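Asks:
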Amino acid sequence: MRLRSLFLLVAVLGLTVIVASACGGSSKKKGAAPSGGKSGGTMILLAKAAPSGSPDPQIDYTLQEWQLLIFTHDGLVAFKRTSGVEGTKIVPDLATSVPTPTDGGKTFTFHLRSGIKFSNGKTLKASDVRFTFERLFKIGQSPNAGTWYNVIVGGDACVKKPKSCSLAKGVVANDATNTVTFHLTRGDPEFLDKLAVPFAFILPAGTPNKEVQLPPPGTGPYYFAQYNPTKQIRLVRNKYFHVWSSDAQPAGNPDVILMKFGLSVEAEVTEVENGQADWVFDTIPADRLNELSSKYGNQIHINPLTAVWYVAMNVRIPPFNSLKARQGVNFATDRNALVKIYGGPKLATPSCQILPPNFPGYKPYCPYTANPSSSGTWTAPDFAKGQQLVNASGTKGATVKVNTDTADVDKAIGLYFVGLLNKLGYHAQLQALSPAIQYPYCQNSKNKVQFCWSSWYQDYPAASDFLNVLLGCKSFVPGSNASPNIAEFCNQPIQAQMNKALNTGIFQPAAANNQWAAIDRAVTNQAPWVTLFNPKYLNFVSKRVKGFQFSPQWYFLIDQASVK
Amino acid sequence: MLAFTVRRLVGLVAVMFALSVLVFLIFFATPGIDPARQMAGRNPSPDTIKNIRHEFGLDRPLPVRYALMMEHMFISRDLISYGSHTRVVPQIISATPVTLSLVVGAAVLWVLFSIVFGVAAAVLRGTFFDPLLMVLALIGISMPVFWLGEVANLITQDKLHGSVFSWVPPPGYTPLTQNPWQWFLHLLIPWLTLSVLYIGFYARVLRANLIETENEDYVRTARAKGISERRVLLRHTLRTSMITFVSLFGLDFGVLVAGGALLTEVVFGLPGVGQLTYNSLTGLDLPVIMTTVVYAAFFITLASAAVDLVYAWLDPRVRPT
Amino acid sequence: MAVFEPEAEVAIRDAEETGGDVIGRSPWALAGRRLVRNKLALAAFVLFLLIVAVSFAAPLYARHVAHTDPFVSNLSGSFQQNGKTVQVIQQGTGKLGLGETPIGPTWQAKYLLGADEQGRDVAARVLYGGRASLEIGIGSAALACLLATVFGLIAGFFGGWTDSFLSRAMDLVWAFPVYLLAISLATVLLTAPNGLDLGIVRVGASSLWIPLLIIGLIYVPYVYRPVRGQVLSLRQKEFVEAAIAQGAGSFRLIFREILPNVASTVIVLLPLMIATTILTESALSYLSIGVQAPQASWGTIIDDGQALLYTRPWVAIAPGIMIVLTVLALNVFGDGLRDALDPRSKVRMK
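Protein sequence lines, in the order shown, are assigned to chains A, B and C. Heads up, the first sequence is in my numbering, so the first residue is 881 and it goes up one at a time. Heads up, the second sequence is in my numbering, so the first residue is 2 and it goes up one at a time. Heads up, the third sequence is in my numbering, so the first residue is 664 and it goes up one at a time.
As structure tokens, then:
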């Protein structure tokens, strides 16, 4: 509840540079056992509640379930199962290789590996692939059917009329030759990324074309033996599994993986401290951090995330339709104070710009600090300068509603800004809404939200994920609850630059990244956001857990760790 | 009797109906609420939202939506939560034993202790102990249960966890069927916390009733007949005094089973009906809210009818209404 | 939760009041004399007044003693303590330097009880919180008693369908999920562009009127039941029947004969109701659906303190102690008041 955003993996469109570079080398180096520790035993994971969303792999959209689905199911391609930047590479999974698109990027042909079986004993066939993609539309409520997969020929018609969906022309499957050919309506350089996430994991033909309460059989080393949202999820070994690519789907270590629900987070932490359980999914309570860091330091793993926390200022309504007012707030914001709210400098890094560190196109840039320097780091607020800019903007005295949700940390951030804006001369009030409605509420331009807290976690690494999706002209849909450009920012020259970078990215990833870095600066100068910080992820595991790996894509690689 | 039962049944259904309609209307009158958007995830296309709206009947008129929801709740019993997309009825069914464990245990404690304290205070009237017990009871009544729970957590989980209270497990719940001893350990502190208020309250009620009854004619007669003080107390005074006690108990028990133990469940991390209610409210998850409201209304009205019935049976002077 | 005692459904005893020295005095004067003799009840009343006075002096304390604005976050702030500069929020001292801990009690004018997670002075907030808690508690109890008296009189006096209807309506309120009402109302008010415009008054999202009205409404049945019961029994008393026989009108009867008798019941209930509503307000605020930030009440401060329970327990303990003291004082005083207005149980103690 506290860190809502971690439950919501981010849906993002954009060109992926990494894809292009990964396409070439589908390496098959080591087929060895996973690093560190032995196999066997039962790994116990603790979470307050079952994944929100749905048990159905084609509907669920949470990190919590995706972290399990990656080792119960496979896509045609996969993100390499490893830590570090390597973990963002696309490698072949059910397909024998990552295809190079033909027909101007509109056709992808995959050859399936033979002899792969689902956990129900059925052998994987090409027709299962077509079935999977038709089901994605037929269930009618897959979140990204209409934003990611409608690029497949016939997809748009399927979104309109899910029940009668047919992808006969879009996904051509040939069981005899074991090949699948995708036909797209336009060139889509990030299509492979879309195939590597759980929505596109292959399910056996015959799975009901409606939402299921237990994830159907998959091809991974484990399968869902039990899914009881009030008690536990139980994953056991799939006896039909054999390793075909340790990059894409290595064998797992524990024999059984249990995810138990219903404890309070306090109790979860205590159980892991005592060795009764192995990992806490939820955010660790702030008042336990000191204790953990002094007594259980070597059971803690902290990894930076490619994510950003920000406050969007609506550039279309007063007072933040004034550039000076927006820049003034940016100068006056004490990002250290906000980092303290989040848990301190070890758990977050202040930032001024849109793109997070370690991201394609990232070049450190921070104009909104005391003594700006070429290092681009934020050092301290410059309140005097901020006040001066706000005074010059002539917006003093305006009423501002600071919108956040009611989760502790988010509300505290809201309260900080209420204080700051009042000090700058505005009349600020807090508007803390239920997490269930806050994000859509901010998006709808009818609600005229002036100042809205939000956060964004990458789905796969591409600069446009942040810049074009959150601040592009097309992402602002007036009067809609689905309009991710909360700042309502649309700058035509910058948009032209973005379109250019998108095109460049198909052929020249490095050049495109330089263009994105310039766009990042340009947007930051326009100050549609107050960027607060880039969060880090704290994992707390039990003493017996060995071989902890953190993938930038899937976070803690659960089945690769060992409890023996 | 039959007429009474029928009337109360009709009343029960009417209250449940009225409440569910009210809750339903309040929910949809709340601005910003868009269940289809809520279910659609982070960045859906308008078509997907439309599909979901259609799939869940959210594009139908309000009365139809209400009827559909009731159909899914009572007849096909496959009502789906907006938040988790899982069935609601099994959630309530699995939360009920937790709440029952908490409330029954606390009820046993509060009935036992309040009778002991109430009788002791009445018998020791005129001594130093009566006012002492009554002040203690008042203090018990005056403490917010969630605060008491926090202080209990502070002492048993932190300050004295290293010594006296090392046996206290971390807050949470273990089912009785899984491990009875752990079940007991997990619930002991919550039981005590929840029962403190009721012990104080019932002890005071009982004391007052005992004193009142002592002066009734039939008690005087019994005394005059030379029956021992103890027999008078147990056979006559206490029995009559229990009428109020029992009826109060019925109401409080009903309210607690219906989710009234919410605060205790939240403080001690017990996944019962109260916790479920609270989570569904903060998540604005209408199907779960509706189910818990109907569940609660059922128990509360049922308890109130049961109390009237028992009352009439214990005290024939009162006609059930 | 039923907190006040239903045997406070006191039967009426003025008519029974006999005994040499009391003849010729009004029952109210007698009650006053009895109350003054009850030292414990008086002490409790004084304690309650003291808490009220201290709470309403909150702005003075914040401005002149603690020199702080307890409604503004002070995350990066520092202050002078014993000649040294001290950070209000301190970084964890563990190996990894995790966790941010606000300063604990200094037992000095500044940060007497320490700071909360946002670096605000807890002592000043507890005083401000008391003001909100008391306003809501007293206001909603008065509202509940007022409405309940009106409905109880009508139901008890007219009986029949009116009675059935009102009583079922009370069942509805009784079973209504108060938390839902609180959350929905708060959401409505938060999302409405200018708060709720009631013509005369405009209610903003963080207005104390919202918890006050909600709590006031849900406690109507608690007072309604004893009042109705008493009216029902009064109707069968000789003096009322006599009045009816003399052809007295309904209004005359209600106001001249029944209301004065019911009034003492309601007055006895009032302090006990305030105790109950203060507890309820704290519960709602603890669940963060009562008083809304940036306003504070004892309940919201306990809620803030929960996240700091093991490191800075005073944040949660201090407002809790204030609640216990206030509610206890009200209960003891309420007891004394009942004994004074309804001395029957004392008379029988002989």
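No residue lacks a Cβ here, since even glycine has one placed at the ideal position from N, Cα and C. Model, not experiment: these values are computed from the prediction.
1) Find out if the Cβ-Cβ distance for the pair B/Ile290, B/Val24 is shorter than 8 Å.
2) Whose C-beta lies closer than 6 Å to the C-beta of C/Gln771 among residues of the same chain, with five residues either side of it excluded?
3) Would you mind giving the Cβ-Cβ distance between A/Pro1069 and B/Asn52, rounded to the nearest angstrom? I have them listed as a contact below 8 Å.
4) For C/Pro884, go through chain B and note every residue whose CB falls closer than 7 Å to its CB, in chain order.
5) Starting from C/Glu763, trace the beta strand (DSSP E) both ways and give me its first and last residue.
6) Please name the residue or residues paired with A/His1307 in a DSSP beta bridge.
7) Put B/Thr178 into one of helix, strand or coil per three-state DSSP.
8) Relative to the alpha-carbon of B/Leu193, which residue among B/Val89, B/Leu161, B/Gly141 has its alpha-carbon at the smallest distance?
9) Step through the CB atoms of chain A and report whether any lies within less than 8 Å of the CB of C/Gly757.
10) Take the Cβ of B/Glu215 as the centre, count every other Cβ of all protein chains shown within 10 Å, and call the residue buried at 16 or more, exposed below.
11) With a threshold of 8 Å between beta carbons, is B/Val16 in contact with chain C?
12) Using C-beta distances below 7 Å, list every residue in its chain close to A/Ser934, excluding the 5 sequence neighbours before and after it, in chain order.
13) According to DSSP, simplified to helix, strand and coil, what is A/Tyr1319?
14) Is there a Cβ of chain A sitting closer than 8 Å to that of B/His86, yes or no?
15) Can you give me, in chain order, the residues of the stretch 940-959 of chain C that have a beta carbon less than 8 Å from any beta carbon in chain A?
16) Measuring straight from C-alpha to C-alpha, what distance separates B/Val89 and A/Ile1113?
17) Decide if C/Pro889 is buried, meaning its Cβ has at least 16 other Cβ atoms within 10 Å, or exposed.
18) Taking A/Val1282 as the reference, which of A/Gly1132, A/Gly1299, A/Ala1343, A/Gln1268 has the closest Cα?
19) Closer than 7 Å between beta carbons: that is the criterion. Which residues of the stretch 766-794 of chain C meet it against chain B?
20) I want to verify the contact list: residues of chain B whose CB lies under 7 Å from the CB of A/Asn1361, in sequence order.
21) Please confirm if A/Leu992 has its CB atom under 8 Å from at least one CB of chain C.
22) Distance cutoff 8 Å, beta carbons only. Does C/Asp684 sit that close to anything in chain B?
23) Is A/Cys1332 helix, strand or coil when you go by DSSP?
24) For C/Ile634, collect the residues of the same chain with a Cβ closer than 6 Å to its Cβ; drop the 5 residues on either side in sequence, then sort them by chain order.
25) So, does the CB of C/Asp967 fall closer than 8 Å to a CB anywhere in chain B?
26) Quick one: measure Cβ to Cβ for C/Phe820 and C/Ile930, integer angstroms, because I've assumed they're closer than 8 Å.
27) Assign B/Asn44 to one of three DSSP states: helix, strand, or coil.
28) Note down, in chain order, all residues in the stretch 144-157 of chain B with a beta-carbon under 9 Å from any beta-carbon belonging to chain C.
29) With 8 Å set as the bound, which would you pick, yes or no: does the beta-carbon of A/Ser906 sit closer than that to a beta-carbon of chain B?
30) For A/Gly911, I'd like the list of residues in its chain whose CB is within less than 6 Å of its CB, leaving aside the five on either flank, ordered along the chain.
31) Does DSSP put B/His86 in a helix, a strand or coil?
32) Within its chain, find whatever has a CB closer than 7 Å to the CB of A/Leu1418; leave out the 5 residues flanking it on each side and keep chain order.
33) Can you list, in chain order, the residues of its chain with a C-beta nearer than 8 Å to that of C/Ala786? Leave out the 5 residues immediately preceding and following it.
34) Quick one: residues in its chain with C-beta nearer than 8 Å to the C-beta of B/Trp168, no 5 flanking neighbours on either side, listed in chain order?
35) Short of 8 Å Cβ to Cβ, which residues in the stretch 1011-1024 of chain A face chain B?
36) Helix, strand or coil: which one does DSSP assign to C/Ser827?
Replies: A quick look at the data gives this:
1) Along the second sequence, one-based indexing puts residue 290 of chain B at 289. Along the second sequence, one-based indexing puts residue 24 of chain B at 23. Their beta carbons are under 8 Å apart, which means B/Ile290 touches B/Val24 by this criterion.
2) As a position in the third sequence, residue 771 of chain C is number 108, starting the count at 1. Counting only Cβ-Cβ distances below 6 Å, and skipping sequence neighbours, we find nothing.
3) The residue labelled residue 1069 of chain A in the question sits at position 189 within the first sequence. The residue labelled residue 52 of chain B in the question sits at position 51 within the second sequence. That belief does not hold up - the Cβ atoms of A/Pro1069 and B/Asn52 are roughly 27 Å apart, past 8 Å.
4) Walking along the third sequence from the start, residue 884 of chain C turns up at place 221. Residues of chain B passing the Cβ test: none, with the nearest at roughly 11 Å.
5) Taking the first residue of the third sequence as position 1, residue 763 of chain C is located at position 100. Annotation for C/Glu763: the continuous beta strand (DSSP E) segment containing it runs 763-765.
6) For the purposes of this step, residue 1307 of chain A is taken as the residue at position 427 of the first sequence. Per DSSP, A/Thr1279.
7) The residue given as residue 178 of chain B occupies position 177 in the second sequence. Here B/Thr178 carries a coil assignment [DSSP, helix/strand/coil].
8) As a first step, residue 193 of chain B is located in the second sequence; it is residue number 192 there, counting from the start. For B/Leu193, the closest C-alpha among the options B/Val89, B/Leu161, B/Gly141 is that of B/Gly141.
9) On the third sequence, residue 757 of chain C is found 94 positions in, with the first residue counted as 1. By the rule that beta-carbons nearer than 8 Å mark a contact, C/Gly757 touches chain A.
10) Taking the first residue of the second sequence as position 1, residue 215 of chain B is located at position 214. B/Glu215 should be labelled buried.
11) Along the second sequence, one-based indexing puts residue 16 of chain B at 15. Contact with chain C is found for B/Val16, since one of that chain's Cβ atoms lies less than 8 Å from the residue's Cβ.
12) By one-based count along the first sequence, residue 934 of chain A stands at place 54. Hits under 7 Å: Asp940, Glu1091.
13) Start at 1 with the first residue of the first sequence, and residue 1319 of chain A comes out as number 439. A/Tyr1319 falls in the helix class under three-state DSSP.
14) The residue you call residue 86 of chain B lines up with position 85 of the second sequence. Cβ-Cβ to chain A under 8 Å: yes for B/His86.
15) For the stretch 940-959 of chain C, the set of residues with a beta-carbon nearer than 8 Å to any beta-carbon of chain A comprises Ser951, Gln955, Ala956, Pro957, in chain order.
16) Sequence index remark: in the second sequence, residue 89 of chain B carries index 88 (1-based). Sequence index remark: in the first sequence, residue 1113 of chain A carries index 233 (1-based). Computed Cα separation, rounded: 17 Å.
17) Residue 889 of chain C sits at position 226 when you count from the first residue of the third sequence. C/Pro889 is classed as buried because its beta carbon has at least 16 other beta carbons within 10 Å across all chains shown.
18) By 1-based counting over the first sequence, the position of residue 1282 of chain A is 402. For the residues A/Gly1132, A/Gly1299, A/Ala1343, A/Gln1268, the minimum Cα distance to A/Val1282 belongs to A/Gly1299.
19) Going along the stretch 766-794 of chain C in chain order, one finds no residue with a Cβ nearer than 7 Å to chain B.
20) Mapped onto the first sequence, residue 1361 of chain A falls at position 481. Those within 7 Å of A/Asn1361 in chain B are Asp35, Arg38.
21) Working through the first sequence from its first residue, we reach residue 992 of chain A at position 112. For A/Leu992, no Cβ of chain C is located within less than 8 Å of the residue's own Cβ.
22) Within the third sequence, the letter at position 21 stands for residue 684 of chain C. Below a pLDDT of 50, predicted positions are generally treated as unreliable, and C/Asp684, at 49, falls in that range; the measurement from the model is reported next regardless. No, C/Asp684 does not count as interfacial toward chain B.
23) Residue numbering aside, residue 1332 of chain A sits at position 452 when the first sequence is read from its first letter. Look at A/Cys1332 here: in three-state DSSP terms it is strand.
24) Nothing can be reported for residue 634 of chain C: it is not among the residues displayed for chain C, which extend from 664 to 1013.
25) Looking up residue 967 of chain C in the third sequence gives position 304. Closer than 8 Å: no.
26) By 1-based counting over the third sequence, the position of residue 820 of chain C is 157. By 1-based counting over the third sequence, the position of residue 930 of chain C is 267. That pair is no contact at about 20 Å.
27) Mapped onto the second sequence, residue 44 of chain B falls at position 43. DSSP places B/Asn44 outside both helix and strand once states are collapsed to three, so it counts as coil.
28) Within the stretch 144-157 of chain B, the residues whose Cβ lies closer than 9 Å to some Cβ of chain C are Met144, Pro145, Val146, Phe147, Trp148, Leu149, Glu151, Val152, Asn154, Leu155, listed in chain order.
29) Against the first sequence, residue 906 of chain A aligns to sequence position 26. Confidence in A/Ser906 is poor, its pLDDT being 38 and thus under 50, which makes the residue's placement unreliable; the coordinate value appears in the next sentence. Judged by the 8 Å Cβ criterion, A/Ser906 is not in contact with chain B.
30) By 1-based counting over the first sequence, the position of residue 911 of chain A is 31. Its pLDDT being 37, under 50, A/Gly911 is placed unreliably in this model, and the value from its coordinates should be taken loosely. Result list for A/Gly911: Ser1126, in chain order.
31) Position 85 of the second sequence holds residue 86 of chain B. Note: B/His86 maps to coil in three-state DSSP.
32) For the purposes of this step, residue 1418 of chain A is identified with residue 538 of the first sequence, where counting begins at 1. Taken in chain order, the residues that qualify are Ile1164, Ile1180, Ile1182, Leu1227.
33) Locating residue 786 of chain C in the third sequence gives position 123, where the first residue counts as 1. Setting aside the 5 residues that flank it on each side, C/Ala786 is surrounded in the same chain by Tyr724, Ala729, Tyr774, Leu775, Leu776, Ala981, each with a C-beta closer than 8 Å to its C-beta; the list follows chain order.
34) As a first step, residue 168 of chain B is located in the second sequence; it is residue number 167 there, counting from the start. Leu186.
35) So the list reads Gly1020, Gln1021, Ser1022, Pro1023, Asn1024, given in the order they occur along the chain.
36) To locate residue 827 of chain C, count along the third sequence from 1; it is residue 164. In this structure, DSSP gives C/Ser827 a helical state, which the three-state scheme calls helix.
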